[in-house]
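Chains as they are written, first to last, in this note's numbering: chain A, 256 to 517; chain B, 256 to 517. Backbone N, C-alpha and C define an ideal beta-carbon position, used for all residues, glycine too.
Number of protein chains: 2
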Amino acid sequence: MPTLSRSRESLIRSLASRHGRKGSPYCLCDGPRASYEVLTLRPELVEEVILREGTSLPSGVSREPVVLSSAGFERLSITVHSQGILLLVRRPEKIVAEAPVIDPFAFVLDRIGDPGNFGTIIRTARAAGLRQVWMTGGSVDPYSDKAVRSASGAQFAVEVREHGSLEEVLALLGSKGFSRVYRTSPAAGRNVFTEEALFEKSVIVLGNEGAGVGGIPGALDLNIPMPGDAESLNVAQAATVILFEHVRRMSAAGARQHGLSE
Amino acid sequence: MPTLSRSRESLIRSLASRHGRKGSPYCLCDGPRASYEVLTLRPELVEEVILREGTSLPSGVSREPVVLSSAGFERLSITVHSQGILLLVRRPEKIVAEAPVIDPFAFVLDRIGDPGNFGTIIRTARAAGLRQVWMTGGSVDPYSDKAVRSASGAQFAVEVREHGSLEEVLALLGSKGFSRVYRTSPAAGRNVFTEEALFEKSVIVLGNEGAGVGGIPGALDLNIPMPGDAESLNVAQAATVILFEHVRRMSAAGARQHGLSE
């Protein structure tokens, strides 16, 4: 039965801190749900599978785990209520700037600071069928344990593309023919439910939780109608409304194509 | 300048634990955003406004605060990175079973266990214009500090109605003429984007994060199309898709009424 080397143990412990993660080619994945996804989606990136004694591998996964005593596992584990499985994973390779845009529109996260929000958005983008999510420098670490848990490992299913500042990301997308830019705005702007060209070779930028999206020369304001008196939606909820408006239009177009009524 | 009595101080400390909250007529509100909402929406429920020295009241609020030293404030405060404002609040009065349904449909949360999810859903329901959210016994405490923070205090703007088990809630709604029940289902069912009568005197039930909604005799399955290969959406994201599909239809109906094209 495999065991965990000293150096591996101290590597894992170091990854629990932001400082230890910075620049590291590794990350951690915690809990059965995200672990199942990572083991299924990218098994070749998984370096160690660590179980607490008495815990089973997610069903459908065949992989020789390291089994630790409760005490040994707690020494490694990063969450308070760990569920007995932890992976040491190599980070996915960085996508080069030359790589194409493969979705009908580019979904850009600008300096999202909360790993829970970031992870939820990646998970939702995956469910909505996107294969890429774009982010700016200064955002959260997309492979922190919290982000991986919130995303249920979806950052191993979609390409997370990071190419510098918002200006740099927009310039890169513009050079690929994606030059009509929408920025979400709580106040006013084009209606997300009626803007016809919203998902046609466009760029949609969602901003930081506190500050929102900054000024972007030439960008169109995009508004989610809110009948209630609330100030605004959480950024992950705004992302969900936009992503599933795309799903709705796709499924309506599919129904039309098949001669069915909407 | 007001000060904090010993008994108030120990009351506040007791509310940080689930045990202390249970059966208490009080709850806590933490942080500037939720505090602003509660002070604006339900000022008559606020018993104490407590600031850490150097922190200001949210603008637009006039209320005499208790100002504590950093050390005194930290002794009371419940979050690790507190932002220097804490309210002691009476819980809103329980809504009696006889009270009417005031929304076009009833949105029911069945045993939601995570205060962050619960709070996010309440906040989103408020933004979508709902004035009531229904919940079953065995759900999270709707007025825990985490739920209040995640909701930005929205549980003080909408009625949170709790009337026992799911069976009891559905029987009560049925007696008020809300008898067509939809339960969300990840597998199959009526399409949320095309089901015509979805928001017409209906009941929509969202289930527990792990278990989903249990069997409900006579209920219709409701499905959110998911082009991606993900297993499911987070319950708060599913709620957002449904709530903003309602907003979309309302705004489309409004545009038609005004003779505008969609």
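ask   = Checking contacts by CB at 9 Å: is residue 264 of chain A closer than that to chain B?
value = no
ask   = Going along the chain, which residues of its own chain have a beta-carbon closer than 8 Å to the beta-carbon of residue 273 of chain A, five neighbours each way excluded?
value = 396 and 399
ask   = Where does the unbroken beta strand (DSSP E) through residue 281 of chain A begin, and where does it stop?
value = 281 to 285
Under the three-state DSSP convention, the category residue 457 of chain A falls into = strand
Nearest-angstrom Cβ-Cβ length linking residue 366 of chain B and residue 394 of chain B, presumed shorter than 8 Å = 5 Å
inquiry  = Which residues of the region 427 to 459 of chain B have a Cβ closer than 8 Å to any Cβ of chain A? Give them in chain order.
reply    = 446, 448 and 449
Chain A contact for residue 462 of chain B (CB, 9 Å cutoff) = no
query = Between the C-alpha atoms of residue 488 of chain B and residue 421 of chain A, what's the straight-line distance to the nearest angstrom?
reply = 28 Å
query = Quick one: what's got a C-beta closer than 6 Å to residue 516 of chain B's C-beta in the same chain, skipping five residues either side?
reply = Legend: pLDDT at residue 516 of chain B = 48, less than 50; position of this residue unreliable, value from coordinates given subsequently. Result list for residue 516 of chain B: empty, nothing under 6 Å.
task = Taking 9 Å as the cut-off, decide whether the C-beta atoms of residue 294 of chain A and residue 318 of chain A are in contact.
result = yes
query = Is there a Cβ from chain A that is less than 9 Å from the Cβ of residue 310 of chain B?
reply = no
request  = Give me the Cβ distance between residue 259 of chain A and residue 303 of chain A, rounded to the nearest whole Å; I'm assuming they're in contact under 8 Å.
outcome  = 7 Å
request  = Measure the Cβ-Cβ separation of residue 412 of chain A and residue 483 of chain B and say whether it is below 9 Å.
outcome  = yes
key: Under 7 Å by beta carbon: chain B residues contacting residue 502 of chain A   = 480 and 482
request  = Ignoring anything shorter than 4 residues or poking outside the region 363 to 406 of chain A, list the alpha helix (DSSP H) runs there in chain order.
outcome  = 370 to 382 and 400 to 405
query = If you measure from the beta carbon of residue 360 of chain B to each beta carbon in chain A, is any gap under 9 Å?
reply = no
request  = Determine the direct distance from the alpha carbon of residue 279 of chain B to that of residue 330 of chain B, and round the result to whole angstroms.
outcome  = 20 Å
task = Would you mind stating whether residue 346 of chain B and residue 389 of chain B have Cβ atoms separated by less than 9 Å?
result = no
request  = State the DSSP-derived secondary structure class of residue 439 of chain B, mapped to helix, strand or coil.
outcome  = strand
task = State the DSSP-derived secondary structure class of residue 526 of chain A, mapped to helix, strand or coil.
result = Residue numbering for chain A in the displayed model covers 256 to 517; residue 526 of chain A lies beyond these limits and cannot be assessed.
message = With a threshold of 9 Å between beta-carbons, can residue 499 of chain A be considered close to chain B, or not?
response = yes
task = List the endpoints of the continuous beta strand (DSSP E) containing residue 318 of chain A.
result = From DSSP, residue 318 of chain A is part of no beta strand (DSSP E); its letter is neither H nor E.
task = Return helix, strand or coil for residue 479 of chain B, following the three-state DSSP convention.
result = coil
message = Taking 8 Å as the limit between beta carbons, can you name the residues of its chain near residue 445 of chain A, skipping five residues before and five after?
response = 437, 453, 475, 476, 477 and 478
request  = Report yes if the CB atom of residue 364 of chain A is closer than 9 Å to the CB atom of residue 461 of chain A, and no otherwise.
outcome  = yes
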